[in-house]
Ligand code: ADP
Ligand code: MG
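Listed below in C-alpha cells is the structure:
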C-alpha cells in the first residue's frame, strides 16, 4: 500500500466508524536498536534508529471530554472519559492511548478528547516497538488538539510513563525516545542517563536488514522484570563496595570480576552482559562511522552470543535465523532486536547483496524451522509528527 492508498483507506474507514471526516493525521515510527539490548533501563547507551515503518492515527477532536479509539489492526472500540480515565480490561491495546492522556493529566496538562483510527505498518509485538509508536502518535494528537506545546523529550518521557504506570510494562526510554526524536538518514547514539543523543554518520556500503522470525513469543511476562531485578540486585551489591556505582552504566568489568564471589552466578552473568553490551554500543558507533564492516559484524555477533549465554533472551528460532543469515551472501553480522525472546533480528548486510541475501535467508530459515520469515531493508526515518496533508477541514 502506498502513501495515498493508506491515506484513502484511513479516511474512508474513519467516516464509516465515526460518520465524519478526520481533521488530522499523526504518524510515529517504530525503531530498531543496532546495539544495546536492555541497556536503557541500566541507564547506559543504545545505538538506535527510527524506521520507515510507522503507526498513523487519523483523528477528529471532540468537545465532550470523551476519547474513542479504534484500530484497523485489532478489533474493538475503546472509550475513555477524560475526567476519570480508567484502565480498559476488555481492550488492553487501547490503554496505550488512554495511558498517554492519563499521564498528561497527572502532569497538569489538559488533553482534549478525539475520535481516532489507528493503522500500523510496524509488525505488532515483534520487537520493533509498535507500542511506543502507538503512544507517541497519540501524544502528537493530544499535543495538537490541546495546544499543549510539549517539549519533544518531555513527550517521550510521558509516553514511557504511560507504558510503565498505566499499561504496566516497566520498559526504559529507548522506544519512545527513538519514535519521537528519529532523524531521516541518521542513527542515534542515545545516552539513557542524560536522555540526549548524538547523531552518528554511517559510511556507505552497508544496509540494515530486519529479519523477522515470525515465531510466537512464548513468554510468561516475568522474564523482563526478572532481568531488571537481577541488574538492580547487582548494582545494590556492587555499590556496597564501590559507592560511585548507581547503575550498571557506572560499573567496569574489572569491578564486576573482583566481586564475582559476592554475586549469585545468574546476577553476575546478567551484569557482565550489560557492561559489555554498553561498551559494544560505543565501539560499533565508531566502526559504523569508519566503515569498518568486519568489526561491525564481529560486534553484532558478540552481542548475539552474550544475549544467548549471559542474558538468556535468545529463542531457538533466533538461533536458526542467525545460522541462516550467516550462511547467506553479504552478511557481516546479526543480533536480536528489542527485548529478545523471538521477534525480529537485525542483520548488517553488504548493500549490493540485499536481494540475494533476502532470498537465501528466506529459504534457509524456512528449511530449518518450517516458518516463513519476513526479510526486508529499513531506512533511518524521521521522528513523529503530523502528516503534512492534515490541514484541518470540516
Ligand atoms: P512491540 O512494541 O515490540 O511491537 P509490545 O508487546 O510492546 O510489542 O506492544 C504490542 C502491543 O501494542 C499490542 O499487543 C497492542 O496492545 C499494541 N498495539 C501495537 N500496534 C497496534 C495497532 N496497530 N493497533 C492496536 N494496538 C496496537
Ligand atoms: Mg513495545
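Numbering (our numbering), first residue to last: 993 to 1386.
Heads up, the beta-carbon is just placed ideally off N, CA and C, and yes, glycines get one too.
Report task. Would you kindly report the start and end of the unbroken beta strand (DSSP E) that includes residue 1112? Result -> Unbroken beta strand (DSSP E) run through residue 1112: 1106-1112.
Requested in this report: Inspect the beta-carbon positions of residue 1129 and residue 1048 and report whether they are closer than 8 Å.
Outcome: yes
**Report entry** Distance between residue 1101 and residue 1141 (C-alpha atoms, nearest Å)
**Finding:** So the alpha carbons of these two residues sit roughly 10 Å apart.
Query raised in the report: Is any heavy atom of the ligand MG found at a distance shorter than 7 Å from the C-beta of residue 1107?
Result: Between the ligand MG and residue 1107, a heavy atom-to-CB distance of less than 7 Å is absent.
Query raised in the report: Okay, do the segment 1311-1319 and the segment 1084-1101 touch, 3+ Cβ pairs below 8 Å being the bar?
Result: no
Query raised in the report: Is it right to say residue 1238 is buried, meaning 16 or more other beta carbons lie within 10 angstroms of its own, or is it exposed?
Result: exposed
Query raised in the report: So with Cβ pairs under 8 Å, would you call residue 1075 a contact of chain D?
Result: Chain labels in this structure do not include chain D; a single protein chain is all it has.
**Report entry** Backbone CA spacing between residue 1125 and residue 1253 [nearest angstrom]
**Finding:** 42 Å
Report task. Please say whether residue 1025 and residue 1330 have beta carbons closer to each other than 8 Å? Result -> yes
Query raised in the report: With DSSP run on the structure shown, which of helix, strand or coil describes residue 1213?
Result: coil
Report task. Taking residue 1257 as the reference, give the member of 1226, 1282, 1234, 1233 with the closest Cα. Result -> 1226
Requested in this report: Check whether the Cβ of residue 1334 lies closer than 7 Å to any heavy atom of the ligand ADP, and answer yes or no.
Outcome: no
Query raised in the report: Closer than 7 Å: is that where the CB of residue 1020 sits relative to any heavy atom of the ligand ADP?
Result: no
Requested in this report: Report all residues from its chain with a CB closer than 6 Å to the CB of residue 1063; omit the five preceding and five following residues, and keep chain order.
Outcome: 1110
Requested in this report: Please classify residue 1189: does DSSP put it in a helix, a strand, or coil?
Outcome: strand
Requested in this report: With a cut-off of 8 Å on the beta carbons, I'd call residue 999 and residue 1022 a contact; round off their distance for me.
Outcome: About 19 Å; that fails the 8 Å criterion.
**Report entry** Residues of its chain near residue 1267, where Cβ-Cβ distance is below 8 Å and the 5 sequence neighbours each way are ignored
**Finding:** 1240, 1243, 1244, 1245, 1248
Query raised in the report: Starting from residue 1257 and walking both ways along the alpha helix (DSSP H), at which residues does that stretch end?
Result: 1257-1282
Report task. Give me the Cα-Cα distance between residue 1131 and residue 1251, rounded to the nearest whole angstrom. Result -> 44 Å
Query raised in the report: Which first and last residues belong to the alpha helix (DSSP H) in which residue 1072 is found?
Result: Per DSSP, residue 1072 lies in no alpha helix (DSSP H); the unbroken beta strand (DSSP E) holding it starts and ends at 1069-1073.
Query raised in the report: Beta-carbon separation of residue 1198 and residue 1351 under 8 Å?
Result: Cβ distance not < 8 Å, so residue 1198 and residue 1351 don't count as in contact.
Requested in this report: Reducing DSSP to helix, strand and coil, say where residue 1083 ends up.
Outcome: coil
Query raised in the report: How long is the line joining the alpha carbons of residue 1163 and residue 1346, rounded to whole angstroms?
Result: 33 Å
Query raised in the report: Is residue 1299 near the ligand ADP, judged by its Cβ being under 7 Å from some heavy atom?
Result: No, the beta carbon of residue 1299 sits no closer than 7 Å to any heavy atom of the ligand ADP.
Requested in this report: List the endpoints of the continuous beta strand (DSSP E) containing residue 1206.
Outcome: Per DSSP, residue 1206 is not a residue of any beta strand (DSSP E), being assigned neither H nor E.
Query - residue 1032 (DSSP reduced to helix, strand or coil) - result: helix
Query raised in the report: Are there 16 or more other CB atoms within 10 angstroms of the CB of residue 1376, so buried, or fewer, so exposed?
Result: buried
Query - Closest Cα partner of residue 1071 within the set 1079, 1286, 1059, 1228 - result: Checked all of 1079, 1286, 1059, 1228; the closest Cα to residue 1071 is 1059.
Query raised in the report: Which of the three DSSP states, helix, strand or coil, is assigned to residue 1001?
Result: helix
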